[in-house]
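First the structure, in the form of structure tokens, and then the observations on it.
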Amino acid sequence: MLHQKRIVVVMPAYNASKTLEMTYREIPHDIVDEVILVYDASRDDTAAKAEALGIHNTIIHAENRGYGGNQKTCYREACQKGRMW
13 MLHQKRIVVV MPAYNASKTL EMTYREIPHD IVDEVILVYD ASRDDTAAKA
63 EALGIHNTII HAENRGYGGN QKTCYREACQ KGRMW
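For what it's worth, the working numbering labels the leading residue of the sequence shown as 13, then goes sequentially.
Below, the structure written as structure tokens:
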């Protein structure tokens, strides 16, 4: 939480297995309340890596929706989480 505001990081992910850990570790977890990863039907083990890193909010698309579709899911999920607080 920063300035009494909740912070949600959204991570669109497609074949991101090689860069996911480095990217996740760069997040300032001391001020971020939640991380949401949207796995866009990759052909690698991005979802398994996310789980191993402790990213509990992973949304998995059954079929690839492209970058724009993935972004829409990211923002929708972040907005829904915001309403829950």
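Idealized CB from N, CA, C, for every residue including glycine.
For clarity, every value in this text was computed on a predicted model and none was experimentally measured.
Pairwise C-alpha distance: residue j and residue i
i   : j   : result
E75 : C86 : 15 Å
L14 : R55 : 36 Å
C91 : K84 : 11 Å
A28 : V50 : 11 Å
Residue from the options whose Cα sits closest to the Cα of residue i
i   : options               : result
V47 : R88, I19 and Q83      : I19
P24 : Q92, A60, G66 and G80 : G80
Y26 : A59, G66 and R88      : A59
Q16 : K30, R37 and I43      : I43
T31 : A53, D45, P40 and D57 : D57
A64 : Y36, K93, D52 and V21 : Y36
Closer than 7 Å: residue i CB and nearest the ligand MN heavy atom
i   : result
D57 : Of ligands this structure carries none, so the ligand MN is not represented either.
Residue(s) in a DSSP beta bridge with residue i
i   : result
K17 : L14
A25 : Y51
Supposed close pair residue i, residue j - CB separation, criterion 8 Å
i   : j   : result
E89 : I72 : The pair is not a contact, with the Cβ atoms about 12 Å apart (cut-off 8 Å).
Original post:
Which runs of the alpha helix (DSSP H) spanning at least 4 residues fall entirely within the region 47-78, listed in chain order?
Top reply: With a minimum length of 4 residues, the continuous alpha helix (DSSP H) runs that stay inside the region 47-78 are 58-65.
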